[in-house]
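Peer 1:
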Amino acid sequence: MEISTAGQRIGVAGIRQQTLLAILLLDVGKTIGVARLIDGIWGERAPATAHAQLRICVSRLRRRMNETGLPALISTENQGYRLTVANERIDVYHFARLLEVAHEVETHGKLSESVQLLRVALGLWRGPALEGLSSPLVRTAAARLDEERRGALEHCFSLELRLGQHHRIVPELMANAAEFPFRENLQFQLITALYRSGRQVDALNVYRKLKRRFREELGVDPSHFLRSLERKILAQSPDLNGGTPAQETRVPACSAVSGM
Numbered sequence: 020m021e022i023s024t025a026g027q028r029i030g031v032a033g034i035r036q037q038t039l040l041a042i043l044l045l046d047v048g049k050t051i052g053v054a055r056l057i058d059g060i061w062g063e064r065a066p067a068t069a070h071a072q073l074r075i076c077v078s079r080l081r082r083r084m085n086e087t088g089l090p091a092l093i094s095t096e097n098q099g100y101r102l103t104v105a106n107e108r109i110d111v112y113h114f115a116r117l118l119e120v121a122h123e124v125e126t127h128g129k130l131s132e133s134v135q136l137l138r139v140a141l142g143l144w145r146g147p148a149l150e151g152l153s154s155p156l157v158r159t160a161a162a163r164l165d166e167e168r169r170g171a172l173e174h175c176f177s178l179e180l181r182l183g184q185h186h187r188i189v190p191e192l193m194a195n196a197a198e199f200p201f202r203e204n205l206q207f208q209l210i211t212a213l214y215r216s217g218r219q220v221d222a223l224n225v226y227r228k229l230k231r232r233f234r235e236e237l238g239v240d241p242s243h244f245l246r247s248l249e250r251k252i253l254a255q256s257p258d259l260n261g262g263t264p265a266q267e268t269r270v271p272a273c274s275a276v277s278g279m
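Take a look at the structure:
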């Protein structure tokens, strides 16, 4: 984990301090009880000195934040600790806000602007959420955040396909489909993009490799909507071409990120 301030990234030393910061950030503005923090940092292996060690971790984290000039405060309240920091300074909340605005813009028919906002949101990510932290409490939250990122990326791909940008997104789709071979929507998007790019043979090869992998590793066939996609490709169905790229509704100009 890192603290970013004045354009510089400053690391937080030690797994315990990183885990403490992660837990406080995930519930920013709320008081987290000492017992929960100890469980999150040490789990079932909490030492007899856990309370004292937690106080040391908090003290060191406070000092680190002061060194960076970060306008944040870790306060001690009611047998727990609370982190107070503006939400817009936290990547997780900035990401969520951008997704909200992207959805709002999309409902007004401005697909290109929605894609731009989604790409800005996705650009906040530099790897898996809370990477390197093994606390079960943190990993549960990390899995949820990673799923939100993948969902946002797939939705971004769907809008880009509607806008006729299939050629451009093929390389990125291929990389993500290889990383997540059992995400059927992602595979559907890749196969569709390949077909629309004039690569029918490649599209069919992706499906057939996927089908073989499903059978060998899961013991099932791909879902109906992927099997239907293969049939449409073999029949060269006009439905797969997507027609004319989506036309955007023009609405009065406004700032998509105002108030962030």
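Each position in the sequence shown, counted from 1, maps to that position plus 19 in this note's numbering.
Yeah, the Cβ is synthetic: ideal placement off N, Cα and C, and Gly gets one too.
1. Ignore the nearest five residues each way along the sequence and tell me which others in THR125's own chain have a CB closer than 6 angstroms to its CB.
2. Do you know how far the Cα of ALA160 is from the Cα of VAL53?
3. Just to confirm, are ALA196 and LEU209 a CB contact at a threshold of 8 angstroms?
4. Rounded to whole angstroms, what is the Cα-Cα separation between LEU248 and GLY146?
5. How would you label SER94, buried or exposed, when you count the other beta carbons within 10 angstroms and need 16 or more for buried?
6. Can you tell me the Cα-Cα spacing of MET279 and GLU107, whole angstroms?
7. For the beta strand (DSSP E) containing GLY99, name the first residue and the last one.
8. Starting from GLU96, follow the beta strand (DSSP E) in both directions and report where the run begins and ends.
9. Looking only at DSSP bridge pairs, what is THR50 linked to?
10. Does the Cβ of ASN260 have 16 or more other Cβ atoms within 10 Å, making it buried, or fewer, making it exposed?
11. Alpha carbon to alpha carbon, how far is GLU191 from LEU136? Give it in angstroms, no decimals.
12. Leaving aside the five residues before and after ASP240 along the sequence, list all residues of the same chain whose C-beta is less than 8 angstroms from its C-beta, in chain order.
13. Given that a residue counts as buried once 16 or more other Cβ atoms are within 10 Å of its Cβ, and exposed if not, what is THR103?
14. Would ALA59 be called buried (16 or more neighbouring beta carbons within 10 Å of its own) or exposed?
15. With DSSP run on the structure shown, which of helix, strand or coil describes GLY2?
16. Would you call the CB atoms of ILE188 and LEU223 closer than 8 angstroms?
17. Check whether the Cβ atoms of ILE51 and ARG101 lie closer than 8 angstroms to each other.
18. Cβ atoms of SER242 and GLU198: under 8 angstroms apart, would you say?
19. Quick check on the DSSP output: the alpha helix (DSSP H) that includes SER256 runs from which residue to which?
20. For PRO33 and TYR112, what's the separation of their Cα atoms in angstroms?
21. Can you name, in chain order, every residue of its own chain whose Cβ lies under 8 angstroms from the Cβ of VAL225, other than the five neighbours on each side?
22. Considering ASP165, what are the terminal residues of the alpha helix (DSSP H) in which it resides?
23. Please state whether DSSP places PHE201 in a helix, a strand or coil.
24. Around the Cβ of ALA67, are there at least 16 other Cβ atoms within 10 angstroms (buried) or fewer (exposed)?
25. Among GLY99, ARG55 and ARG138, which has the Cα closest to the Cα of ARG116?
26. So, are the CB atoms of CYS76 and LEU45 less than 8 angstroms apart?
Peer 2: In short, the structure shows the following:
1. The count along the sequence shown starts at 1 and reaches residue 125 at position 106. The sequence shown places Glu at residue 125, rather than the Thr named in the question. For GLU125, where only same-chain residues beyond five positions count, the Cβ hits under 6 angstroms are SER133.
2. Here residue 53 corresponds to residue number 34 of the sequence shown, with the count starting at 1. Here residue 160 corresponds to residue number 141 of the sequence shown, with the count starting at 1. Cα-Cα distance, rounded: 19 angstroms.
3. In the sequence shown, counting from the first residue as 1, residue 196 sits at position 177. In the sequence shown, counting from the first residue as 1, residue 209 sits at position 190. Their beta carbons are under 8 angstroms apart, which means ALA196 touches LEU209 by this criterion.
4. One-based indexing of the sequence shown puts residue 248 at position 229. One-based indexing of the sequence shown puts residue 146 at position 127. C-alpha separation (whole angstroms): 32 angstroms.
5. What you label residue 94 is simply residue 75 of the sequence shown in a count that begins at 1. The residue in question, SER94, is exposed, as its Cβ has fewer than 16 Cβ neighbours within 10 Å.
6. As a first step, residue 279 must be located in the sequence shown, where it is residue number 260. As a first step, residue 107 must be located in the sequence shown, where it is residue number 88. Unreliable positioning characterises MET279 in this predicted model, as indicated by a pLDDT of 33, which lies under 50. The coordinate reading is nonetheless provided below. Taking the straight line from one Cα to the other gives about 7 angstroms.
7. To locate residue 99, count along the sequence shown from 1; it is residue 80. In this chain, the beta strand (DSSP E) harbouring GLY99 covers 99-103.
8. Residue 96 sits at position 77 when you count from the first residue of the sequence shown. Segment 92-96, the beta strand (DSSP E) holding GLU96.
9. Locating residue 50 in the sequence shown gives position 31, counting from the first residue. As a beta-bridge residue in DSSP terms, THR50 pairs with ARG101.
10. Against the sequence shown, residue 260 aligns to sequence position 241. Counting the other Cβ atoms within 10 Å of the Cβ of ASN260 gives fewer than 16, which makes it exposed.
11. Taking the sequence shown and counting its residues from 1, the one referred to as residue 136 is at position 117. Taking the sequence shown and counting its residues from 1, the one referred to as residue 191 is at position 172. Taking the straight line joining both Cα atoms gives about 18 angstroms.
12. One-based indexing of the sequence shown puts residue 240 at position 221. These residues qualify, in order along the chain: LYS230, PHE233, ARG234 and ARG246.
13. Position 84 of the sequence shown holds residue 103. Classification for THR103: exposed.
14. Along the sequence shown, one-based indexing puts residue 59 at 40. Looking at the sequence provided, one finds Gly at residue 59 rather than Ala. Buried: at least 16 other Cβ atoms inside 10 Å.
15. It is not possible to answer for residue 2, since the shown part of the chain is limited to 20 through 279.
16. Here the question's residue 188 lines up with position 169 in the sequence shown. Here the question's residue 223 lines up with position 204 in the sequence shown. In this structure, LEU223 does not lie closer than 8 angstroms to ILE188 by Cβ.
17. As a working mapping, residue 51 is identified with position 32 in the sequence shown. As a working mapping, residue 101 is identified with position 82 in the sequence shown. Going by C-beta atoms, ILE51 is nearer than 8 angstroms to ARG101.
18. The sequence position of residue 198 within the sequence shown is 179, counting from 1. The sequence position of residue 242 within the sequence shown is 223, counting from 1. Judged by beta-carbon spacing, SER242 lies beyond the 8 angstroms limit of GLU198, meaning their Cβ atoms are not closer than that value.
19. Here residue 256 is taken as the residue at index 237 of the sequence shown, counted from 1. That residue, SER256, is in no alpha helix (DSSP H); it is neither H nor E in DSSP.
20. Against the sequence shown, residue 33 aligns to sequence position 14. Against the sequence shown, residue 112 aligns to sequence position 93. A quick correction: the sequence has Gly, not Pro, at residue 33. Those two C-alpha atoms are separated by around 24 angstroms.
21. Mapped onto the sequence shown, residue 225 falls at position 206. Around VAL225: ALA196, GLN206, LEU209, ILE210 and LEU213.
22. Residue numbering aside, residue 165 sits at position 146 when the sequence shown is read from its first letter. ASP165 -> alpha helix (DSSP H) spans 155-181.
23. On the sequence shown, residue 201 is found 182 positions in, with the first residue counted as 1. In this structure, PHE201 counts as coil in the three-state DSSP scheme.
24. As a position in the sequence shown, residue 67 is number 48, starting the count at 1. By the neighbour-count rule (16 or more Cβ atoms within 10 Å), ALA67 is not buried but exposed.
25. Taking the first residue of the sequence shown as 1, we reach residue 116 at position 97. Among GLY99, ARG55 and ARG138, the Cα nearest to that of ARG116 is on ARG138.
26. Along the sequence shown, read from residue 1 onward, the residue named residue 76 stands at position 57. Along the sequence shown, read from residue 1 onward, the residue named residue 45 stands at position 26. Cβ distance not < 8 angstroms, so CYS76 and LEU45 don't count as in contact.
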